[in-house]
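Just below is one structure, and these are the notes that go with it.
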Amino acid sequence: MNALALLFMLGGQIVPPDAPPVVHEQLLDDVGGAGFYEARGAGMTVRHRTLPSGSFAEVTALDSGKMVVLLVEQDPSLSGDEVALLSESAAEAVGVLDQMEAKVRIRPAVPSPVEQAAIRAGNEVTRLPAPPALLAALKRRLPSPPKLATMLVAATTITAPKPVSRPTPPVARPAATGRWFVQVAALSDAARAATLAKTVDGVVRSAGRLYRVQSGPFTTRAAAETARAAIARRGFADARIIAQD
Numbered sequence: 002m003n004a005l006a007l008l009f010m011l012g013g014q015i016v017p018p019d020a021p022p023v024v025h026e027q028l029l030d031d032v033g034g035a036g037f038y039e040a041r042g043a044g045m046t047v048r049h050r051t052l053p054s055g056s057f058a059e060v061t062a063l064d065s066g067k068m069v070v071l072l073v074e075q076d077p078s079l080s081g082d083e084v085a086l087l088s089e090s091a092a093e094a095v096g097v098l099d100q101m102e103a104k105v106r107i108r109p110a111v112p113s114p115v116e117q118a119a120i121r122a123g124n125e126v127t128r129l130p131a132p133p134a135l136l137a138a139l140k141r142r143l144p145s146p147p148k149l150a151t152m153l154v155a156a157t158t159i160t161a162p163k164p165v166s167r168p169t170p171p172v173a174r175p176a177a178t179g180r181w182f183v184q185v186a187a188l189s190d191a192a193r194a195a196t197l198a199k200t201v202d203g204v205v206r207s208a209g210r211l212y213r214v215q216s217g218p219f220t221t222r223a224a225a226e227t228a229r230a231a232i233a234r235r236g237f238a239d240a241r242i243i244a245q246d
């Protein structure tokens with residue numbers, strides 16, 4: 002096949018051999034919750050269950066409209082109401098790192114070669130903020146919040162008195178392993194975080210100016226889902242699952 006015929010088949014575009022996978026924007030426009038994950042050297046990345054690794058995606062924060070282009074890592078294990086997992090650097094760039102209920106829109110993007118190099122190097126590449134009318138339309142696509150009756154039951158559960166029991170000596174347990182955690186809260190006050198960690202039998206992990214209260218680790222996402230449901234029933238409905246490599 003000569004070069005002219007090949008160029009015609011590619012629609013007049015020359016595609017370099019190391020180009021990222023092409024994903025047409027009309028095939029995907031997900032709106033929902035965004036979780037977070039911790040991994041050394043993750044950079045400006047976002048995990049999605051269907052977008053191919055090496056492609057790029059535009060992530061928009063539905064509260065502020067800030068729009069950032071990120072490198073994609075495919076993760077078919079994602080489930081539940083989370084449409085994506087953001088690395089710590091990506092979450093900070095999008096402006097949702099300190100949010101327990103981050104809501105985003107994610108869709109494929111095709112940044113310029115210069116922008117692609119910048120993203121791979123860990124630099125922030127933004128787009129113009131989404132206008133209020135678009136944000137309002139996207140928010141209408143979010144799943145319905147839990148009913149008030151459910152929230153009242155959870156609040157009643159945590160305030161119910163507990164029977165007094167004799168203290169028992171602590172029992173040494175083997176160190177838990179796994180990549181799944183339940184994040185109960187992200188607080189700016191270390192003392193409050195420590196108190197909350199005792200309440201949920203969790204730990205406090207420092208992340209910059211924030212103190213994350215987490216339970217885990219769990220070896221499977223299913224185990225983390227069970228733990229998150231139990232924590233939510235104790236009144237922490239905003240608890241969410243995160244993955245750590």
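2 is the number of the first residue of the sequence shown in my numbering; add one for each residue after it. The beta-carbon is built from N, C-alpha and C at its ideal position, and this holds for glycine as well.
- Residue range 89 to 95 is occupied by the alpha helix (DSSP H) that includes Glu93.
- Here the C-alpha atom of Pro77 lies approximately 32 angstroms from the C-alpha atom of Leu197.
- Leu63 and Gly34 have their C-alpha atoms roughly 10 angstroms apart.
- When the five nearest sequence neighbours on each side are left out, the beta carbons in the same chain lying within less than 7 angstroms of the beta carbon of Arg128 are those of Glu59, Met68, Val70, in order along the chain.
- Per the DSSP secondary-structure output, Met68 pairs in a beta bridge with Thr61, Arg128.
- Rounded to the nearest whole angstrom, the CA to CA distance from Ala122 to Ser189 is 29 angstroms.
- DSSP, read as helix, strand or coil, puts Val111 in coil.
- For the 8 angstroms CB-CB criterion, Glu116 and Ala94 do not form a contact.
- Of Ala191, Gly66, Lys199, Glu102, the smallest CA-CA separation from Ser207 is found for Ala191.
- Collapsing the DSSP output to three states places Pro133 in a helix.
- Taking 8 angstroms as the cut-off, the Cβ atoms of Val183 and Ala195 do not count as close.
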